[in-house]
Structure formats: C-alpha cells, structure tokens
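S.K.: Under the working numbering, think of the first position of the sequence shown as 1, with each following residue one higher. Just so it is clear, CB atoms sit at the ideal spot from N, CA and C, and this is done for glycine as well. Computed from a predicted structure; not experimentally measured. Right, I'll just put the structure down here and ask away after.
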Amino acid sequence: MDRLPEDWSRALAVVAHPDDLEYGASAAVARWTAMGKDIRYLLATRGEAGIDSMAPEQAGPLRSAEQIAAAAAVGVSVVEFLDHPDGLVVNGIDLRRDLAAAIRRHQPEVIIGSNFRDRWGDSGPWNHVDHRELGRALPDAVRDAANRWLFTDVGEPWSGVNWIAFASSQMSTHGVDVTDHIEEGVASLYCHRTYIESLGDPTFDPDSFLRTSCQQVGETLGVDFGVAFELIPM
C-alpha cells in the first residue's frame with residue numbers, strides 16, 4: 001500500500017452522516033490539522049433518521065452537535081450541513097449542485113470521502129444507500145464545479161481538486177500513518193456517544209474498535225496504526 005500524498009494544504013471532507021468520518025478517517029484528519037493543513041467538513045444530512053428511539057426533530061440537532069464536537073476533537077472548526085433528508089439522499093442534479101457550490105466555496109485541493117462501494121468489505125453487509133449515492137455523486141460534482149457553464153448561479157468555477165480519497169473502502173490503495181494521532185481519533189468517535197448507545201450493542205467499545213481496525217492497516221504500512229483510503233485521481 002502506497003502512502004497517501006501529503007503535498008497539499010486544503011481539503012474538504014464530504015460524507016453523508018454525523019459519525020461517518022469518525023470510524024478511522026478522523027485520526028488522519030488529526031494528523032493533517034497538526035501539520036497545519038486546512039480541513040473542513042461537509043455533511044449531506046444531519047443523521048436525523050438514524051436513532052430509532054428518537055424523533056428526527058430531536059435526533060437531527062443532537063447528532064449535529066455531536067459531529068461539531070467530533071470535528072473539534074481533531075482540530076476542525078468548519079462544519080457545514082446540506083440538510084438533504086437522512087436515508088433519502090439521491091445522486092441527482094440537486095445534490096450535485098449543492099456539492100459543486102460547496103467545492104467552489106471552499107476551494108479544496110483534495111476531497112476526503114467514505115466508502116461508496118455496494119458492500120463493507122468483500123463479504124460484509126450492504127452499504128447504506130446515502131453512502132452509495134453521495135460517494136458516486138462526488139466525482140461528478142468535482143467536474144461540475146470546474147465547468148463554468150454548469151450551475152452558473154453558485155459561484156465561480158474551481159478546478160483545483162486533484163483527487164478524492166475514500167476511507168473504509170475494500171479497494172483501498174493508499175494509507176496514512178496515524179500512530180501519533182490515534183488518541184484524537186478515539187476521542188472524536190466518543191463524541192457520538194448518544195448515537196453509539198442507541199445502536200444497542202453494550203459490547204461496542206470505541207477505543208478497542210478503532211485501535212484494532214487502525215492496527216490492521218498499520219501492519220500493511222509498517223507502523224503501529226494507520227488509516228486506508230481508496231484514492232481516485234480527478
């Protein structure tokens with residue numbers, strides 16, 4: 001596995017739900033913010049339909065607050081929400097417009113995403129529809145953002161995105177050494193305590209989970225802890 005390039009200064013992390021970044025990618029974000037890189041978060045939804053025991057009008061604000069706290073734990077202060085409906089994200093013109101507008105507004109050199117493949121791993125469960133729809137919209141939105149003749153009402157074109165790196169993909173190509181930042185990654189996952197508790201698994205331990213998964217990646221990189229990404233050039 002190659003090391004993920006780090007010759008850039010500004011990134012936009014784009015995911016579907018609060019907590020999507022915290023199952024590994026946020027440890028890499030902690031490394032990058034410590035290096036002085038400008039990382040910002042963009043979420044398609046507020047995760048309002050993600051807690052069965054809590055009405056959306058309660059869950060949305062709570063999960064948004066947990067995400068803002070999780071971002072702060074790894075040095076990120078800019079967190080935006082597109083307010084697409086949780087569970088009903090559609091890879092279509094409206095989503096592409098919102099993504100292109102955000103890309104033009106933030107002008108990232110790289111974009112960080114999450115697994116958009118159909119499954120988690122080669123034999124794992126079916127991936128969430130919002131992850132699949134958003135992930136597949138991202139490359140098109142990057143091109144849309146660069147095309148001055150598309151979405152002319154949402155900012156000047158931006159063609160500076162070099163690649164997208166999708167975390168948690170079974171087709172990962174690159175890795176990041178997060179040995180010195182695993183603690184921040186764990187802290188960011190703990191920020192989603194209400195959501196984690198709602199899943200009803202009393203055996204789930206964020207610290208153990210994240211250290212185990214990052215240790216497995218670290219072995220392929222020759223370090224203690226690592227995070228893997230599928231890098232797609234643009």
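(1) Would the stretch 193-201 and the stretch 143-152 be scored as touching if the rule is three or more Cβ pairs under 8 Å?
(2) Could you tell me the alpha carbon to alpha carbon distance between ARG211 and TRP158, rounded to whole angstroms?
(3) Do you know how far the Cα of VAL14 is from the Cα of VAL78?
(4) Use the C-beta contact count for TRP126: other C-beta atoms within 10 angstroms, 16 or more gives buried, fewer gives exposed.
(5) For a quick check, are the C-beta atoms of VAL29 and VAL90 less than 8 Å apart?
(6) Going by the CB atoms, is the gap between HIS84 and LEU95 shorter than 8 Å?
(7) Does the Cβ-Cβ distance between ASP86 and GLY47 come in under 8 Å?
(8) Would you kindly work out how many angstroms separate the C-alpha atoms of SER208 and MET171, rounded to a whole number?
(9) For SER114, which residues does DSSP report across the bridge?
(10) Could you check whether THR173 and ASP2 sit closer than 8 Å to each other, using their CB atoms as the reference points?
(11) Using C-beta distances below 7 Å, list every residue in its chain close to GLU22, excluding the 5 sequence neighbours before and after it, in chain order.
(12) Report yes if the C-beta distance between MET234 and VAL161 is below 8 Å; otherwise report no.
(13) Helix, strand or coil: which one does DSSP assign to PRO56?
(14) Measuring straight from C-alpha to C-alpha, what distance separates GLN216 and MET54?
(15) In or out: GLY135 buried (at least 16 other Cβ within 10 Å) or exposed?
M.R.: On the basis of the coordinates in this document:
(1) In this structure the stretch 193-201 does not touch the stretch 143-152; the number of beta carbon pairs closer than 8 Å is below three.
(2) Numbered from 1 along the sequence shown, position 211 holds the residue referred to as residue 211. Numbered from 1 along the sequence shown, position 158 holds the residue referred to as residue 158. Cα to Cα, ARG211 sits roughly 37 Å from TRP158.
(3) Locating residue 78 in the sequence shown gives position 78, where the first residue counts as 1. Locating residue 14 in the sequence shown gives position 14, where the first residue counts as 1. The straight-line gap from Cα to Cα measures roughly 12 Å.
(4) For the purposes of this step, residue 126 is taken as residue 126 along the sequence shown, with counting starting at 1. Per the 10 Å Cβ criterion, exposed.
(5) Mapped onto the sequence shown, residue 29 falls at position 29. Mapped onto the sequence shown, residue 90 falls at position 90. Going by beta carbons, VAL29 and VAL90 fall outside the 8 Å limit.
(6) For the purposes of this step, residue 95 is identified with residue 95 of the sequence shown, where counting begins at 1. For the purposes of this step, residue 84 is identified with residue 84 of the sequence shown, where counting begins at 1. Judged by beta-carbon spacing, HIS84 lies within the 8 Å limit of LEU95, meaning their Cβ atoms are closer than that value.
(7) Start at 1 with the first residue of the sequence shown, and residue 86 comes out as number 86. Start at 1 with the first residue of the sequence shown, and residue 47 comes out as number 47. Result yes, Cβ atoms of ASP86 and GLY47 sit closer than 8 Å.
(8) Taking the first residue of the sequence shown as position 1, residue 208 is located at position 208. Taking the first residue of the sequence shown as position 1, residue 171 is located at position 171. If I take the Cα positions, the gap works out to 24 Å.
(9) Translated into the one-based positions of the sequence shown, residue 114 becomes position 114. BP columns for SER114 point to ALA167.
(10) In the sequence shown, the residue the question calls residue 2 occupies position 2. In the sequence shown, the residue the question calls residue 173 occupies position 173. Against a cut-off of 8 Å, the Cβ pair of THR173 and ASP2 comes out as a contact.
(11) The residue you call residue 22 lines up with position 22 of the sequence shown. For GLU22, same chain residues with a beta-carbon under 7 Å away, outside a window of 5 residues either side, are ALA70, SER188, LEU189 and HIS192 in chain order.
(12) Locating residue 234 in the sequence shown gives position 234, where the first residue counts as 1. Locating residue 161 in the sequence shown gives position 161, where the first residue counts as 1. For the 8 Å CB-CB criterion, MET234 and VAL161 form a contact.
(13) Reading the sequence shown from its first residue, position 56 is the one you call residue 56. Assignment of PRO56 by DSSP, reduced to helix, strand and coil, places it in the helix class.
(14) Taking the first residue of the sequence shown as position 1, residue 216 is located at position 216. Taking the first residue of the sequence shown as position 1, residue 54 is located at position 54. For GLN216 and MET54, the gap between their C-alpha atoms comes out near 35 Å.
(15) Position 135 of the sequence shown, counted from the start, is the residue given in the question as residue 135. GLY135 counts as buried, since no fewer than 16 other beta carbons sit within 10 angstroms of its beta carbon.
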